[in-house]
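Student:
2 protein chains.
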Amino acid sequence: MRTHQLVLQWIEDQLSSGELTLGGRLPAERSLAEQLHVSRTSVREAIRVMEAMGVVRAGVGSGPDAGTVVIADPTAALGSALRLHVATSHLPVKDIVETRVLLESWAASRAHPDAPALAEAASLLEQMENCSGTEEFLALDVRFHLALADAAGNAVVSAMMGSLREAIQAYAGRITGSLPDWDATAARLRAEHRGILAAIKDGDGGSASQLVADHIEGYYAEAGLGAGA
Amino acid sequence: MRTHQLVLQWIEDQLSSGELTLGGRLPAERSLAEQLHVSRTSVREAIRVMEAMGVVRAGVGSGPDAGTVVIADPTAALGSALRLHVATSHLPVKDIVETRVLLESWAASRAHPDAPALAEAASLLEQMENCSGTEEFLALDVRFHLALADAAGNAVVSAMMGSLREAIQAYAGRITGSLPDWDATAARLRAEHRGILAAIKDGDGGSASQLVADHIEGYYAEAGLGAGA
DNA sequence: CCTTAGACTGTGGTTGGACCACACACCCCC
DNA sequence: GGGGGTGTGTGGTCCAACCACAGTCTAAGG
């Protein structure tokens, strides 16, 4: 076993045993190196991996925001990994979209009509009504869909959904530019969003699920992604 | 932007542009450091992250297996990340199981009856008939479920399924020890496996989907995981 | 007494160099 | 022609130093 993996194991054990919790701070790199009898280099490599996994965040300087603290950002880890594997052409964009439809339609069917996340979704919907640029619209769109996923109350599905969206963000931005009439598309998307939100609030999960699936598949189909997506 | 992120960006660009492909080899760490005008330490940190993401594999020595080569193991990345976040208690095991049911039941409903992966699943089923230890049984069980997921032909779903299973592998092993009658449970699981495989081969996706959901939920329910999982 | 400009301390970030173990490839010697 | 030692290049590890940053403490000045 390589040295940095030993450090990784130590940190994971600390997390599992509860000695390191969310918001807690790891020992300083130099202290940790001495404590585990390894070099600071190995400690740093382990922390780098943890950082890529969205488990810790390293901050320089002093004060409460400094040092290496435990965070919880599973979306970052999954998103980066998926994006890289898309870059290697190992994960087809078609499969990403298909999985996104699967997760989101499930979330819509399971969303609680009185979840607080739905209030945020409604607020985002209003902001989308009067927003100018396509970039701003897309950013709000991402947050809207994430809010819907959160309403289902499954942290794993929410994280996976966010990471899928992140992984193909650059791709989605490119195909959006090729749309024939953005204003018309945006108006349609807004109307569909309202329909989805209304269905969820009415407790009609089955209908909401179908609307979400049509919404996503319709967008990618219009943008020119091949059949099946 | 930190130095190692610059290296990460460079590697990702090489992957996106196709100059680095599956099976290809990265320049040696020392060469890459000189080429990008950074220290070898920064290059190593970047490679370490890529390794954790399942994108590259580092090997010492000489020959075809040496050096840092591009691989494609998205399961490793997702699995480690999920496992760590489960360790921080940020992702409940209940949500993991729920997501597993979602993905696997979808895969069962979409599996192609003549997919080559089903032949492997059948072979694994035979091996499970006459196997002794519980560990061996569980290992074969993992491979059986992965084969079913592969039969659906969605690489993203397959990867996510494998990573979910990996993330709770230690957990599953613990609860298995608390089962009252392992032999009876194993016999039931085998029978359910046969039923699932038969449904898929008959082209009855809906039935297969329901059988898979019952199969997984039943197991965790028997092992004592709370309701809803 | 209060304010403020400076030094101090501890954090991660980066670098260069050195040495090790490993595994293949080559070459000399038998 | 065959076999063992050597050469070369790879990643793995460690060390010592320096930098930038940010909060804190201190001492000088009002």
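Heads up: the sequence lines are chains A and B, in that order.
The first sequence: position 124 = 480 (our numbering), numbered continuously.
The second sequence: position 122 = 478 (our numbering), numbered continuously.
Glycine included, every Cβ here is placed at the ideal spot set by N, Cα and C.
What you are looking at is a predicted structure, and each value in this text was computed from that prediction instead of being measured.
Taking the alpha-carbon of glutamate 485(B) as reference, which of Arg550(B), Val416(B), Asp570(B), Leu371(B) has the nearest alpha-carbon?
Tutor: Arg550(B)
Student: When the Cα of arginine 456(A) is compared with those of Ala577(A), Glu578(A), Ala579(A), Ile572(A), which residue comes out closest?
Tutor: Ile572(A)
Student: Check each candidate in Leu474(B), His468(B), Glu578(B) and name the one with the smallest Cα separation from alanine 540(B).
Tutor: Glu578(B)
Student: Short of 8 Å in beta carbon distance, which residues of its chain neighbour alanine 428(A), apart from the five on each side in sequence? Order them along the chain.
Tutor: Leu378, Gly410, Val411
Student: Report yes or no: is there a C-beta of chain A within less than 8 Å of the C-beta of glutamate 573(B)?
Tutor: It does not; no Cβ of chain A falls within 8 Å.
Student: For the candidate residues Lys450(B), Gly417(B), Leu371(B), Ile531(B), whose alpha-carbon lies nearest to that of histidine 441(A)?
Tutor: Leu371(B)
Student: Using 8 Å for Cβ pairs, my map puts glycine 561(A) next to arginine 466(A). What's the rounded Cβ distance?
Tutor: 7 Å
Student: Using beta-carbon positions only, say whether serine 461(A) and alanine 569(A) come within less than 8 Å of one another.
Tutor: yes
Student: Threshold first: 4 residues or longer. Then list the alpha helix (DSSP H) segments lying entirely within the segment 496-580 of chain A, N to C.
Tutor: 511-523, 525-532, 538-557, 561-578
Student: Can you check the segment 440-483 of chain B for any alpha helix (DSSP H) of at least 4 residues that lies completely inside it and give the ranges in chain order?
Tutor: Qualifying alpha helix (DSSP H) stretches, in chain order: 449-466.
Student: Distance, Cα to Cα, leucine 438(B) vs serine 519(B)?
Tutor: 7 Å
Student: Measure how close the beta-carbons of leucine 459(A) and alanine 515(A) come, nearest whole angstrom, since I'm counting them as under 8 Å.
Tutor: Contact between leucine 459(A) and alanine 515(A) is ruled out by a C-beta separation of about 10 Å, above the 8 Å threshold.
Student: Ignoring anything shorter than 4 residues, give me the alpha helix (DSSP H) runs that lie fully in the segment 366-427 of chain A, in order along the chain.
Tutor: 385-392, 396-408
Student: Tell me which residues of the segment 447-463 of chain A have at least one Cβ-Cβ distance to chain B shorter than 7 Å, keeping chain order.
Tutor: Leu447, Pro448, Asp451, Ile452, Glu454, Thr455, Leu458, Trp462
Student: Give the single residue among Arg358(A), Ile552(A), Ser445(A), Val498(A) whose Cα lies nearest to the Cα of glutamate 407(B).
Tutor: Nearest C-alpha to glutamate 407(B): Arg358(A).
Student: Does the Cβ of aspartate 451(A) have 16 or more other Cβ atoms within 10 Å, making it buried, or fewer, making it exposed?
Tutor: buried
Student: Would you say glycine 410(A) lies against chain B (beta-carbon separation less than 8 Å)?
Tutor: yes
Student: Hey, would you say alanine 555(A) sits closer than 8 Å to leucine 567(A), going by beta carbons?
Tutor: yes
Student: Could you tell me whether any Cβ in chain A is nearer than 8 Å to the Cβ of methionine 517(B)?
Tutor: no
Student: Within a Cβ cutoff of 7 Å, which residues of the same chain sit near valine 498(A), ignoring the five residues on either side of it in sequence?
Tutor: If we look at valine 498(A) and ignore the five residues flanking it on each side, its Cβ neighbours are Arg521.
Student: Alanine 543(B) and isoleucine 552(B): beta carbons closer than 8 Å?
Tutor: no
Student: Can you give me the C-alpha to C-alpha distance between alanine 389(A) and arginine 400(A), rounded to a whole angstrom?
Tutor: 9 Å
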